[in-house]
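**Q** Chains as they are written, first to last, in this note's numbering: chain Z, 1 to 282; chain B, 1001 to 1304. Have a look at this one before I ask anything.
Here you go:
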């Protein structure tokens, strides 16, 4: 009896596979989404800065968020790791799914999830009382890593990933603040990488930097995207073109258009997007 | 748009009298310097007077011996008073510093509500309390309950005086830590408590220590609350439930005695009190605030 049933079910499976083939084929090509934002509404003092934004971020790709000042892109980015709600009188509703798990379902989990989502801020903000080494190791030490050997390995590895190791390897005990602005920003990226995140949120990481430091950071992003899912907010449209695979254009708290970077910049479907990428306003 | 002509026109409205500016500048500078001198004169003259009168009585005996009998040929020393003051500072810090710092953390990090505002208000009121009232309070609560004057009562009174100062300065210096450091900490997935204790407190260290030293200096010089609590004594420490001497008390007694040797010893006591506070201040600052290259405790072995 069981054998028959098995056989039957196998046949059914086969049948289903056959009939579903085109769909299966399509879903195999369907990319994996690392981070999914659903119906995100974020507000300050009751004023909505982000209005029901839905967005899916592909794994191991760079997604750029562009838009004029005050359009809510930074706010939206800060919702993705529950940073927004730390601001006084700020509220968020909606879901952020990281590998299918909702960050907003549980407050305690948010802390664990934040370790999977690194964040780099607009201005370099190394911890002022810590050395270069301690800055990179901060996320490890303060999250309970005690093994010195592992820590040394991670610190060196992360500093190498941001191309800072050669510049600072003899000065690891110097204060993080003693570095130049561009170096500080790369230090902060190394610090974010040290906690072994899977997603990296970057809030205009190069806006305070000179062209050479900016170039270094962009090269680094191109290298990092092989391993990480990167979401970058930028005011610089050339930068978006250079580093990103996908681009979302936000305007007045709405996600107006979202697609492949090439399409957004060369063939935008929306009129406002077209005007913005052509530099007619912004 | 503003045209070129308009710009030339607008410029005329600015003050263009540079000689007058220079003179004003000089006058303001003069006033500022004058005020500095005015502020320094009393401070300097007090210090000078204390050093001039205090240094001659300094001797090993003066620093270590207990006071002699009143009016006798051998005036003794202020040993017990020094011991008492150091003990009191240490013991009241033991309560005042942790409670004050934690209170400050509460106000700064969790006190953005009615409850916090209430505490902040009463804390400020407490900081303004006349210290003699605090002394009476300690007298009523500790001395009358236990039935004897004791160093414990003194410790209680002084820590009550310390608390609001430390709480307030801790709160203020924590609030000065830029929000970006907090965010950087949270972004690394660090727990709130760890962010507060390991990132915010270390960033606010210098303000914190200033507050603590300020309160230590304040209580080290308090006399009024001590009269009601530790009472004063001629002997060295003999138990926490015993009366004890302290420098301000001793200075007060010595200055009231009608003998020249006692008055001279009073000056010496004042000098020692100032030196103790100064040494503590400099010592604590050196210990906690010296530049370690930002955390030199850590070693890293490069390349093997």
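C-beta atoms are modelled at their ideal positions from N, C-alpha and C, and glycine is treated no differently.
Taking the CB atoms as reference points, tell me whether residue 1270 of chain B and residue 1225 of chain B lie closer together than 8 Å.
**A** Taking 8 Å as the Cβ cut-off, residue 1270 of chain B and residue 1225 of chain B do not qualify as a contacting pair.
**Q** Is the stretch 1085-1094 of chain B touching the stretch 1126-1136 of chain B, taking contact as three or more C-beta pairs under 8 Å?
**A** Judged by Cβ distances under 8 Å, the stretch 1085-1094 of chain B makes no contact with the stretch 1126-1136 of chain B, as fewer than three pairs qualify.
**Q** With a threshold of 8 Å, are at least 3 pairs of Cβ atoms found where one atom belongs to the stretch 1260-1267 of chain B and the other to the stretch 1050-1068 of chain B?
**A** Touching, yes, given that three or more Cβ pairs across the two stretches are closer than 8 Å.
**Q** Would you verify that the beta carbon of residue 1288 of chain B is, or is not, closer than 8 Å to some beta carbon of chain Z?
**A** Output row for residue 1288 of chain B: interface = no.
**Q** Anything in the stretch 1174-1194 of chain B with a Cβ closer than 7 Å to a Cβ of chain Z? List those residues in chain order, please.
**A** Result list: 1180, 1181, 1183, 1184, 1186, 1187, 1188, 1189, 1190, 1191, 1194.
**Q** Using a threshold of 8 Å, state whether the C-beta atoms of residue 1101 of chain B and residue 1170 of chain B are closer than that.
**A** In contact: residue 1101 of chain B and residue 1170 of chain B (Cβ atoms closer than 8 Å).
**Q** Starting from residue 34 of chain Z, trace the alpha helix (DSSP H) both ways and give me its first and last residue.
**A** Unbroken run through residue 34 of chain Z is the beta strand (DSSP E), 33-44; no alpha helix (DSSP H).
**Q** Nearest by alpha-carbon distance to residue 1181 of chain B: which of Z/247, Z/124, Z/241 is it?
**A** Of the candidates Z/247, Z/124, Z/241, the one whose C-alpha sits nearest the C-alpha of residue 1181 of chain B is Z/124.
**Q** Would you grab the beta carbon distance between residue 1066 of chain B and residue 1084 of chain B for me? Rounded to a whole angstrom, and I think it's under 8 Å.
**A** About 11 Å; that fails the 8 Å criterion.
**Q** With distances taken between CB atoms, is the gap from residue 133 of chain Z to residue 220 of chain Z smaller than 8 Å?
**A** No.
**Q** Under 8 Å between C-beta atoms, does residue 1251 of chain B make it to chain Z?
**A** It does not; no Cβ of chain Z falls within 8 Å.
**Q** Do you know how far the Cα of residue 1177 of chain B is from the Cα of residue 165 of chain Z?
**A** Answer to the nearest angstrom: the Cα atoms are 29 Å apart.
**Q** Does the Cβ of residue 1036 of chain B have 16 or more other Cβ atoms within 10 Å, making it buried, or fewer, making it exposed?
**A** Label assigned to residue 1036 of chain B: exposed.
**Q** Going by alpha carbons, who is nearest to residue 1058 of chain B out of B/1069, B/1070, B/1048, B/1076?
**A** Ranking the options by Cα distance to residue 1058 of chain B, first place goes to B/1076.
**Q** Report the neighbours of residue 192 of chain Z on chain B: residues whose CB is nearer than 8 Å to its CB, in chain order.
**A** Those within 8 Å of residue 192 of chain Z in chain B are 1187, 1188.
**Q** Report all residues from its chain with a CB closer than 6 Å to the CB of residue 16 of chain Z; omit the five preceding and five following residues, and keep chain order.
**A** In this prediction, residue 16 of chain Z scores a pLDDT of 49, lower than 50, which makes its location untrustworthy; no coordinate-derived value is stated.
**Q** Considering only the beta carbon of each residue, do residue 244 of chain Z and residue 63 of chain Z sit closer than 8 Å?
**A** Going by C-beta atoms, residue 244 of chain Z is nearer than 8 Å to residue 63 of chain Z.
**Q** Can you say whether residue 1019 of chain B is buried or exposed, counting buried as having 16 or more other CB atoms within 10 angstroms of its CB?
**A** Exposed, since its Cβ has fewer than 16 Cβ neighbours within 10 Å.
**Q** For the stretch 261-271 of chain Z and the stretch 230-244 of chain Z, state whether three or more C-beta atom pairs, one from each stretch, are separated by less than 8 Å.
**A** Segments in contact, yes.
**Q** Among Z/46, Z/191, Z/212, which has the Cα closest to the Cα of residue 127 of chain Z?
**A** Per the Cα distances, Z/191.
**Q** Kindly indicate which residue of B/1027, B/1110, B/1242 has the alpha-carbon position closest to the one of residue 1151 of chain B.
**A** Here the closest residue by C-alpha is B/1242.
**Q** Please check the pair residue 1153 of chain B and residue 1142 of chain B, which I expect to be a contact at CB under 8 Å, by giving their CB distance rounded to whole angstroms.
**A** The Cβ separation is near 4 Å, so the contact holds.
**Q** Mark residue 54 of chain Z as exposed unless 16 or more other C-beta atoms lie within 10 angstroms of its C-beta, in which case mark it buried.
**A** It is exposed - the Cβ of residue 54 of chain Z has fewer than 16 other Cβ atoms within 10 Å.
**Q** With respect to the alpha helix (DSSP H) encompassing residue 222 of chain Z, which residues constitute its N-terminal and C-terminal limits?
**A** That run of the alpha helix (DSSP H) goes 211-224.
**Q** Measure from the alpha carbon of residue 1234 of chain B to the alpha carbon of each residue in B/1040, B/1179, B/1246, then state which is nearest.
**A** Ranking the options by Cα distance to residue 1234 of chain B, first place goes to B/1246.
**Q** Indicate the three-state DSSP secondary structure (helix, strand or coil) for residue 268 of chain Z in the structure shown.
**A** Reduced to three states, the DSSP call for residue 268 of chain Z is coil.
**Q** Pull up the distance between the alpha-carbon of residue 25 of chain Z and that of residue 31 of chain Z, whole angstroms please.
**A** With a pLDDT of 46 at residue 25 of chain Z, under the threshold of 50, the predicted position of this residue should be treated as unreliable, though the coordinate-derived value follows. Distance between the alpha carbons of residue 25 of chain Z and residue 31 of chain Z: 12 Å.
**Q** Out of curiosity, what's the CA-to-CA distance linking residue 152 of chain Z and residue 138 of chain Z?
**A** Their backbone Cα atoms lie some 12 Å apart in a straight line.
**Q** Should residue 223 of chain Z be labelled buried (16 or more other beta-carbon atoms within 10 Å of its own) or exposed?
**A** Exposed, since its Cβ has fewer than 16 Cβ neighbours within 10 Å.
**Q** With a cut-off of 8 Å, does the C-beta of residue 1202 of chain B fall near any C-beta of chain Z?
**A** Yes, residue 1202 of chain B counts as interfacial toward chain Z.
**Q** Nearest to residue 1228 of chain B by CA position, among B/1140, B/1105, B/1212, is which residue?
**A** For the residues B/1140, B/1105, B/1212, the minimum Cα distance to residue 1228 of chain B belongs to B/1140.
**Q** Comparing the C-beta of residue 1209 of chain B with each C-beta of chain Z, is any distance below 8 Å?
**A** It does not: the Cβ of residue 1209 of chain B has no partner Cβ on chain Z nearer than 8 Å.
**Q** In chain order, what residues of the same chain have a beta carbon less than 8 Å from the beta carbon of residue 195 of chain Z, not counting five sequence neighbours either side?
**A** Excluding positions up to five away in sequence, the list reads 115, 118, 139, 140, 143.
**Q** Give me, in chain order, the residues of the same chain whose beta-carbon lies closer than 6 Å to that of residue 77 of chain Z; leave out the 5 immediate sequence neighbours on both sides.
**A** Excluding residues within five positions, the ones whose Cβ falls inside 6 Å are 201, 203, 233.
**Q** Give me the chain B residues within the contact set of residue 195 of chain Z, using Cβ-Cβ distance strictly less than 7 Å, ordered along the chain.
**A** Here the neighbours are 1188, 1189.
**Q** Flag residue 1205 of chain B as yes if its beta-carbon sits less than 8 Å from any beta-carbon of chain Z, otherwise no.
**A** Closer than 8 Å: yes.
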